[in-house]
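>
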């Protein structure tokens, strides 16, 4: 009789472990699909800690992630609320300690690069990297092919992010530029020296060659700025 009771107890423990394992796998798979659907990462790794105990012993009907924050925050160690709905239509919410790692093919600097260096294809290579802790968006390959320079120093092996690069200016500091001074019925042309780099549509300081007066002018194209009289 005693052996029979031990066998029953062992069966209950085994059944409980199997059910818990099934729930854990179901929850993990649902979290994985939820994370994957909200990221452009090439690969996702999801580690789920042991689930809190579930009171209901009925079979699972479905599992729903009830994450209310933006999906961009689904990275690193997070606590994810999950609703488990059972076959008897009852449900429980469990809070799951989860560690999420994101991997993506990103541009990586092949050499140390100084500020304002024009970027070329040979300056970077594409690698699959862990971007979990990356708080700024990685640059795309098409962002780096032409007309782009570094905004700051980039060390070899560093992931190149969008805030590290900028388009090449159409006017460089020290360039001689044509100044078009316009009014409703008048157009005056003069020349000046650019006091700072300029991009089309941006205002920059220039110093006129004649009066040597500094003014602000709108960049309208390569070596051309405009002021309204």
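Residue numbers (this note's numbering): -9 to 219. Don't be surprised by glycine CBs; every beta carbon is placed ideally from N, CA and C. Just so it is clear, the structure is predicted and the values come from calculations on it, not from any experiment.
(1) DSSP has residue 66 in a bridge; who is on the other side?
(2) Only counting the same chain, and skipping five residues up and downstream in sequence, which positions put a Cβ closer than 6 angstroms to that of residue 152?
(3) I need the boundaries of the beta strand (DSSP E) containing residue 176, first residue and last residue.
(4) Would DSSP call residue 169 helix, strand or coil?
(5) How many Å lie between residue 235 and residue 170 at the Cα?
(6) Cα separation between residue 205 and residue 154?
(7) Helix, strand or coil for residue 135, going by three-state DSSP, please let me know.
(8) Below 6 angstroms CB to CB, which residues in the same chain sit around residue 9 once its five sequence neighbours on both sides are set aside?
(9) Between residue 132 and residue 115, how many whole angstroms is the CB-CB distance? I'm expecting something under 8 angstroms.
Considering the structure as presented:
(1) On the chain shown, position 76 is the one that residue 66 refers to. Its beta-bridge partners are 90.
(2) The residue you call residue 152 lines up with position 162 of the chain shown. Excluding positions up to five away in sequence, the list reads 127, 129.
(3) The sequence position of residue 176 within the chain shown is 186, counting from 1. Counting along the chain, residue 176 falls outside any beta strand (DSSP E), and DSSP gives it neither H nor E.
(4) Translated into the one-based positions of the chain shown, residue 169 becomes position 179. The answer is strand: DSSP assigns residue 169 an E or B state.
(5) A query on residue 235 cannot be resolved here, the shown segment of the chain reaching from -9 to 219 and no further.
(6) Residue mapping note: residue 205 aligns to position 215 of the chain shown, counting from 1. Residue mapping note: residue 154 aligns to position 164 of the chain shown, counting from 1. If I take the Cα positions, the gap works out to 30 angstroms.
(7) Within the chain shown, residue 135 is the residue found at index 145, counting from 1. Residue state, collapsed to three classes: coil.
(8) For the purposes of this step, residue 9 is taken as residue 19 along the chain shown, with counting starting at 1. Because the pLDDT of residue 9 is 46, which lies under 50, any placement of that residue in the model is unreliable, and the question is left without a value.
(9) Stepping through the chain shown from its first residue, residue 132 is reached at position 142. Stepping through the chain shown from its first residue, residue 115 is reached at position 125. In fact, because the Cβ distance is near 15 angstroms, the residues do not count as touching under 8 angstroms.
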